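Under our numbering, read the sequence shown as residues 172 to 636, first letter to last. C-beta: ideal position from N, C-alpha, C; glycine also. Since the model is a prediction, treat every value here as computed from it, not as a measurement. Written below as structure tokens is the structure these notes are about.
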Amino acid sequence: MDSFHWVLWPVLLYSLGIAAAIDALWQSRTAQGTAAWVIALLLMPLVSLPFYLFFGSRRFSGYRKARRQGDNKLSAQERQIRNSLSSFISDPNDKTLALQRLFRAPMLEGNETQLLINGKDTFNTILNTAQTARHTLCVQFYTFRDDALGQRFSDVLCEKAAEGVKVYLLYDEIGSGGLDKAFLKRLIDAGVNVSRFNPLKLRNRTNVNFRNHRKLVTIDGQISFVGGHNVGIEYLGLDPEFGVWRDTHMSISGPATLAFQLSFSEDWHWATGKAPELDWSTPQLAGNKRVMCINPGPADYYDSGSLFFTHMISSAKKRCWLVSPYFVPDQTVYAALQLAGLRGVDVRVILPQKSDNWMVAQATRSYVASLAKAQVQFYTYTPGFLHQKVMLIDDEWASVGSANLDNRSLRINFEIAALVNDKAFASEIETMMLEDLSHCESTHVDERWWKQLLARVLRLIAPVL
172 MDSFHWVLWP
182 VLLYSLGIAA
192 AIDALWQSRT
202 AQGTAAWVIA
212 LLLMPLVSLP
222 FYLFFGSRRF
232 SGYRKARRQG
242 DNKLSAQERQ
252 IRNSLSSFIS
262 DPNDKTLALQ
272 RLFRAPMLEG
282 NETQLLINGK
292 DTFNTILNTA
302 QTARHTLCVQ
312 FYTFRDDALG
322 QRFSDVLCEK
332 AAEGVKVYLL
342 YDEIGSGGLD
352 KAFLKRLIDA
362 GVNVSRFNPL
372 KLRNRTNVNF
382 RNHRKLVTID
392 GQISFVGGHN
402 VGIEYLGLDP
412 EFGVWRDTHM
422 SISGPATLAF
432 QLSFSEDWHW
442 ATGKAPELDW
452 STPQLAGNKR
462 VMCINPGPAD
472 YYDSGSLFFT
482 HMISSAKKRC
492 WLVSPYFVPD
502 QTVYAALQLA
512 GLRGVDVRVI
522 LPQKSDNWMV
532 AQATRSYVAS
542 LAKAQVQFYT
552 YTPGFLHQKV
562 MLIDDEWASV
572 GSANLDNRSL
582 RINFEIAALV
592 NDKAFASEIE
602 TMMLEDLSHC
612 ESTHVDERWW
622 KQLLARVLRL
632 IAPVL
């Protein structure tokens with residue numbers, strides 16, 4: 172009998188591994204991701220099965236279901252927005268048509284933007300503007316900490332709620348590390364509507380890998396803020412572990428703000444089952460910039476995050492400058508960068524010299540080595556930790572947002588960015604990036620064989636990092 176058990180358990184374990192590997196063939200959207208899971212599940216089922224149970228799903232079905240259930244409410248909002256913004260919709264061209272279909276959002280004219288460099292400028296501007304809120308204040312961050320900055324932020328939220336403003340706070344439970352109950356109770360008691368995105372519960376176990384990485388603030392449907400900053404003192408450069416924290420945010424005022432507000436409304440509806448009470452009246456013209464809300468996520472039919480970067484990189488004729496704290500691109504983005512370099516486009520990628528993720532940093536070496544052969548130039552930022560997510564294409568296209576150039580942002584997380592078509596704004600981004608480059612060193616590939624071997628091994632599991 173004992174010998175039978177010794178035979179039964181391995182057979183059962185490998186049967187489960189085979190079943191999970193078959194499921195991975197259906198679930199994963201890329202051959203690279205599928206191969207990584209199938210190999211792990213067949214060769215190491217004891218180790219890989221628990222990870223696959225929690226992290227293997229590639230479809231965020233819950234969000235899709237909530238979207239369908241709330242389709243009447245959200246579709247009504249979307250129709251209302253389209254009707255009120257019809258006069259601001261820019262005619263699609265070869266660059267915007269695919270994006271408009273991908274994100275169900277038009278390129279909108281009549282906007283003004285402001286570039287916000289680093290934490291002090293960003294949060295002073297956000298909080299000062301939030302003080303002017305009269306109707307609605309929507310706040311969404313991946314990380315919201317109960318520290319000096321979080322307390323300052325919460326004071327403003329409580330104050331505006333006391334004035335009768337509809338205030339909403341949506342945070343990601345993993346990113347925020349479990350906010351203190353007393354901190355949340357103070358907000359709720361003050362009248363702030365508070366919710367977690369995708370809480371850690373057993374019924375959500377297959378969705379636990381999907382996080383809301385968006386950083387978004389919208390005020391009265393008139394002005395929005397997006398970018399790379401979360402709410403925590405490290406984003407002000409006050410954490411001694413990281414020191415200088417280089418990040419970028421931006422504000423958008425004008426018609427495009429309603430598109431960002433709709434993105435918040437969809438996320439709030441998924442988290443709570445209710446549509447927030449927001450102001451959907453048409454914002455006034457604020458400037459002459461064309462802006463599109465880019466909000467990819469795993470609930471999309473297509474791999475919209477990956478396709479966005481691939482499309483923009485492939486369209487570059489003169490230059491493609493990218494900044495990201497993590498660089499583990501999927502195969503389509505990798506190929507687009509290769510081709511851009513081979514076409515003679517000035518391709519530059521700025522990365523942090525100091526990383527907060529050792530495995531990702533090692534995997535990055537392999538991509539740097541191979542892309543350098545295609546004339547892609549890599550630089551590392553030396554003063555501190557670089558966390559901004561910025562893209563500049565030619566002389567008139569730029570984006571600022573929350574998405575990193577890694578598999579998690581490209582395919583797994585909910586992200587958001589503002590894509591701006593304007594020469595003056597692109598020039599601002601160029602000036603900012605040139606300043607960053609003045610504090611960078613050119614990246615040199617480590618030729619030691621064991622370093623190269625380690626990088627290649629970690630590259631194999633890049634899709635699940």
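Please report how far the alpha carbon of residue i lies from the alpha carbon of residue j, in whole angstroms.
{"i": "residue 454", "j": "residue 362", "result": "26 Å"}
{"i": "residue 426", "j": "residue 209", "result": "47 Å"}
{"i": "residue 562", "j": "residue 187", "result": "43 Å"}
{"i": "residue 394", "j": "residue 574", "result": "21 Å"}
{"i": "residue 162", "j": "residue 416", "result": "This structure cannot speak to residue 162, because the chain is shown only from 172 to 636."}
{"i": "residue 402", "j": "residue 550", "result": "27 Å"}
{"i": "residue 279", "j": "residue 434", "result": "15 Å"}
{"i": "residue 506", "j": "residue 537", "result": "14 Å"}
{"i": "residue 277", "j": "residue 389", "result": "19 Å"}
{"i": "residue 591", "j": "residue 480", "result": "14 Å"}
{"i": "residue 467", "j": "residue 269", "result": "14 Å"}
{"i": "residue 216", "j": "residue 533", "result": "25 Å"}
{"i": "residue 477", "j": "residue 333", "result": "42 Å"}
{"i": "residue 205", "j": "residue 189", "result": "13 Å"}
{"i": "residue 502", "j": "residue 535", "result": "13 Å"}
{"i": "residue 400", "j": "residue 422", "result": "13 Å"}
{"i": "residue 146", "j": "residue 275", "result": "Residue 146 is absent from the structure shown; the chain starts at 172 and stops at 636."}
{"i": "residue 565", "j": "residue 593", "result": "11 Å"}
{"i": "residue 360", "j": "residue 323", "result": "17 Å"}
{"i": "residue 568", "j": "residue 196", "result": "37 Å"}
{"i": "residue 299", "j": "residue 293", "result": "10 Å"}
{"i": "residue 491", "j": "residue 606", "result": "16 Å"}
{"i": "residue 500", "j": "residue 528", "result": "15 Å"}
{"i": "residue 315", "j": "residue 325", "result": "10 Å"}
{"i": "residue 295", "j": "residue 353", "result": "25 Å"}
{"i": "residue 265", "j": "residue 250", "result": "25 Å"}
{"i": "residue 413", "j": "residue 504", "result": "29 Å"}
{"i": "residue 335", "j": "residue 185", "result": "59 Å"}
Give every residue of the same chain whose Cβ lies closer than 7 Å to the Cβ of residue i, excluding the five residues on either side of it in the sequence, and list them in chain order.
{"i": "residue 319", "result": "404"}
{"i": "residue 219", "result": "211 and 212"}
{"i": "residue 283", "result": "424, 425, 457, 458 and 460"}
{"i": "residue 601", "result": "563"}
{"i": "residue 392", "result": "307, 428, 429, 432, 449, 450, 451, 452 and 454"}
{"i": "residue 475", "result": "273, 274 and 467"}
Less than 8 Å between the beta carbons of residue i and residue j, yes or no?
{"i": "residue 398", "j": "residue 420", "result": "yes"}
{"i": "residue 369", "j": "residue 344", "result": "yes"}
{"i": "residue 308", "j": "residue 442", "result": "no"}
{"i": "residue 408", "j": "residue 321", "result": "no"}
{"i": "residue 603", "j": "residue 288", "result": "yes"}
{"i": "residue 597", "j": "residue 570", "result": "no"}
{"i": "residue 355", "j": "residue 329", "result": "no"}
{"i": "residue 406", "j": "residue 273", "result": "no"}
{"i": "residue 547", "j": "residue 608", "result": "no"}
{"i": "residue 271", "j": "residue 387", "result": "no"}
Which whole-angstrom value describes the C-beta separation of residue i and residue j, a residue pair presumed to lie in contact below a C-beta threshold of 8 Å?
{"i": "residue 286", "j": "residue 586", "result": "About 19 Å separates the two Cβ atoms, so there is no contact after all."}
{"i": "residue 313", "j": "residue 385", "result": "7 Å"}
{"i": "residue 267", "j": "residue 483", "result": "At roughly 11 Å, the Cβ-Cβ gap does not stay under 8 Å, so residue 267 and residue 483 are not in contact."}
{"i": "residue 302", "j": "residue 338", "result": "With a Cβ gap of about 12 Å, residue 302 and residue 338 do not count as contacting."}
{"i": "residue 252", "j": "residue 439", "result": "With a Cβ gap of about 16 Å, residue 252 and residue 439 do not count as contacting."}
{"i": "residue 465", "j": "residue 396", "result": "About 15 Å separates the two Cβ atoms, so there is no contact after all."}
{"i": "residue 382", "j": "residue 346", "result": "6 Å"}
Less than 6 Å between C-beta atoms, sequence neighbours within five positions excluded: which residues of the same chain meet that for residue i?
{"i": "residue 373", "result": "For residue 373, the predicted model reports a pLDDT of 46, less than 50, meaning its position is unreliable; a value from the coordinates is still stated below. Excluding residues within five positions, none has a Cβ falling inside 6 Å."}
{"i": "residue 494", "result": "521, 559 and 561"}
{"i": "residue 497", "result": "531, 575 and 577"}
{"i": "residue 351", "result": "317"}
{"i": "residue 595", "result": "none"}
{"i": "residue 255", "result": "453"}
{"i": "residue 259", "result": "279, 280, 281 and 426"}
{"i": "residue 261", "result": "278, 280 and 461"}
{"i": "residue 331", "result": "304, 308 and 338"}
Is residue i near the ligand FAD - that is, is its Cβ less than 7 Å away from at least one heavy atom of it?
{"i": "residue 577", "result": "Ligands displayed in this structure: none; no statement on the ligand FAD is therefore possible."}
Within the same chain, show all residues whose beta-carbon is closer than 8 Å to that of residue i, passing over the 5 residues directly before and after it, in chain order.
{"i": "residue 553", "result": "524, 610, 611 and 612"}
{"i": "residue 192", "result": "208, 209, 212 and 213"}
Worksheet item: Looking at C-beta atoms only, is the number of pairs between the stretch 428-437 and the stretch 575-584 that lie closer than 8 Å three or more?
Response: no
Worksheet item: On the three-pair Cβ rule with 8 Å, is the stretch 520-536 touching the stretch 550-557?
Response: yes
Item to complete: Evaluate the contact criterion for the stretch 290-307 versus the stretch 480-496: three or more CB pairs, one atom per stretch, below 8 Å.
Response: no
Discussion item. For the pair the stretch 533-548 and the stretch 509-516, tell me if three or more CB-CB distances fall below 8 Å.
Written reply: yes
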